[in-house]
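> Just so you know, the sequence shown maps onto residues -24 to -1, 1 to 236 in mature numbering (1 follows the signal peptide of the UniProt record, and there is no 0).
Pasting in a structure now, in structure tokens, and then I'll have a few things to ask.
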Amino acid sequence: MLNHKTFALLLLGSTALLPGASFAADMPDFVEPAVVEVKQFGGWYLRGDVGITNQRVDEFTSPLFETGDFAVTESDFDASAFLGFGVGYRINKQFRVDVTGEYRFESEFNGLDNYADEDLPGGLGINDYDGNKTEWVALVNGYFDLPTYGIMTPFIGAGVGAARVEINDFTDFNPAVPGTALGLSGDTDTWNFAWALYAGLAFEVTPQWTFEVAYRYLNLGDAETEDLVTPEGANPSFNPYSFNDLTSHDVKMAVRYNFN
């Protein structure tokens, strides 16, 4: 039979267990923390580029122009297309580099000059110049990617390399005698230092595929013709003709395939 002391001890013990029981009942089930996937940066990529050129020549010159009162009134290249490929590596979130090679398709040159000649009607003569230019360009490029907005990442960049500039079928015509060539140059090619500046937008369509649209300023260096030969075979001393400071304002699109 329980005495009053034993009863009191049992009552105290059961009371002490109640908070623990209540606490155990209120404890939530253990949930493992979610695994947060950290996007990895770095890795190789391939790229393909297509674009349109808007080409310029700073100065069209010849020793001929120093022999009299000559004025160059036109010296323009037509727009053309280009196609390129490359391989690159993303160093981190901000920086990537690539090596690109491209072929720039034929661009026609249109040139005109006039000069004083008292023996010609009106005392003015005209030379009409025609020819074509193509290039092979290889560049090592570096890019800085700015903060991303959704899937869009603005970027800027610069590149250095070499350009092989080819001048083909360069001819001097006299508009007063249609179809008559005053001089014809053989084809030439010149290797130059080339450099470029970029600004564009990249769109990450999937982790593997990125689409780019960009502007590029490209400096291709200088080029020149051979000495022009007349139909009679003469080789006048006022040759060759030079294209100084060839540049191009390009609009281009690219697709990058990322291996990481």
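Just so you know, even glycine gets a beta-carbon here, dropped at the ideal spot from N, CA and C.
Would you mind giving the Cβ-Cβ distance between V136 and V116, rounded to the nearest angstrom? I have them listed as a contact below 8 Å.
With a Cβ gap of about 6 Å, V136 and V116 count as contacting.
> P212 lies in the beta strand (DSSP E); which residues open and close that run?
Taken as a continuous stretch (DSSP letters only), P212 belongs to no beta strand (DSSP E), as it is neither H nor E.
> From N150 to N220, what does the alpha carbon distance come to, in whole angstroms?
Answer to the nearest angstrom: the Cα atoms are 24 Å apart.
> For E13 and N236, what's the separation of their Cα atoms in angstroms?
Summary for E13: the model assigns pLDDT 47, below 50, so the residue's position carries little reliability; its value from the coordinates is reported in the next sentence. Taking the straight line joining both Cα atoms gives about 14 Å.
> Please find out if some non-hydrogen atom of the ligand SAM comes closer than 6 Å to the beta-carbon of E35.
This structure does not include the ligand SAM; it has no bound ligands of any sort.
> Between F120 and G133, which are expected to be in contact by the criterion C-beta below 8 Å, what is the C-beta distance as a whole number of angstroms?
Their Cβ separation, rounded to whole angstroms, is 7 Å, which keeps F120 and G133 in contact under 8 Å.
> Please report whether the beta-carbon of D226 lies at a distance below 7 Å from any beta-carbon of chain D.
Of the protein chains in this structure there is only one, and it is not chain D.
> Given D54, which residues of its chain have a CB within under 6 Å of its CB, disregarding the five upstream and five downstream residues?
The answer, listed in chain order, is S83, E84.
> Should V113 be labelled buried (16 or more other beta-carbon atoms within 10 Å of its own) or exposed?
By the neighbour-count rule (16 or more Cβ atoms within 10 Å), V113 is buried.
> Per DSSP, which residues does G197 bridge with? Please list them.
Its beta-bridge partners are L222.
> Should N103 be labelled buried (16 or more other beta-carbon atoms within 10 Å of its own) or exposed?
Classification of N103: buried, given that the 10 Å Cβ count is 16 or more.
> Using 8 Å for Cβ pairs, my map puts F58 next to R80. What's the rounded Cβ distance?
Their Cβ separation, rounded to whole angstroms, is 4 Å, which keeps F58 and R80 in contact under 8 Å.
> Give me whichever residues DSSP pairs with V181 in a beta bridge.
Beta-bridge pairing links V181 to no other residue.
> In the DSSP assignment, the beta strand (DSSP E) including F149 goes from what residue to what residue?
128 to 149 is the span of the beta strand (DSSP E), which, as asked, contains F149.
> Is the separation between the beta-carbon of G19 and that of R72 shorter than 7 Å?
Taking 7 Å as the Cβ cut-off, G19 and R72 do not qualify as a contacting pair.
> Using the DSSP secondary-structure output, state which residues sit across from N21 in a beta bridge.
At residue 21 the sequence reads Tyr, which differs from the Asn that was named. Paired residues: G64, N234.
> Give the straight-line distance between the Cα atoms of D163 and D148, rounded to the nearest whole angstrom.
Each residue's alpha carbon lies about 14 Å from the other.
> Out of S56, T182, S51, A170, state which residue places its alpha-carbon closest to the alpha-carbon of F36.
Closest by alpha carbon: S51.
> So for R88, helix, strand or coil by DSSP?
Sequence check: residue 88 is Leu here, not Arg. In this structure, L88 counts as strand in the three-state DSSP scheme.
> With a 10 Å radius around its C-beta and 16 neighbouring C-beta atoms as the bar for buried, classify L196 as buried or exposed.
That one is buried.
> Less than 6 Å between C-beta atoms, sequence neighbours within five positions excluded: which residues of the same chain meet that for S161?
The answer, listed in chain order, is F146, T201, E202, L204.
> What's the call for G(-5), buried or exposed, on a 16-neighbour Cβ count within 10 Å?
Reliability fails at G(-5), whose pLDDT of 47 lies under 50, so the model's placement of it is uncertain and the value that follows must be treated cautiously. Answer is exposed; the Cβ neighbour count stays below 16.
> Determine the DSSP secondary structure at L(-23), reduced to helix, strand or coil.
In this prediction, L(-23) scores a pLDDT of 48, lower than 50, which makes its location untrustworthy; the coordinate-derived value is nonetheless stated afterwards. Coil, per DSSP.
> Leaving out five residues on either side along the sequence, give the residues of the same chain with a beta carbon under 8 Å from the beta carbon of V231.
These residues qualify, in order along the chain: R23, G24, W185, T186, F187, E188.
> How should Q31 be labelled, buried or exposed, when 16 other C-beta atoms within 10 angstroms of its C-beta is the threshold for buried?
It is buried - the Cβ of Q31 has at least 16 other Cβ atoms within 10 Å.
> Does E111 pass the burial test, meaning 16 or more other C-beta atoms within 10 Å, or should it be called exposed?
Answer is buried; the Cβ neighbour count reaches 16.
> Taking all protein chains shown into account, do 16 or more other C-beta atoms lie within 10 angstroms of the C-beta of D95, making it buried, or fewer, making it exposed?
Its Cβ having fewer than 16 others within 10 Å, D95 is exposed.
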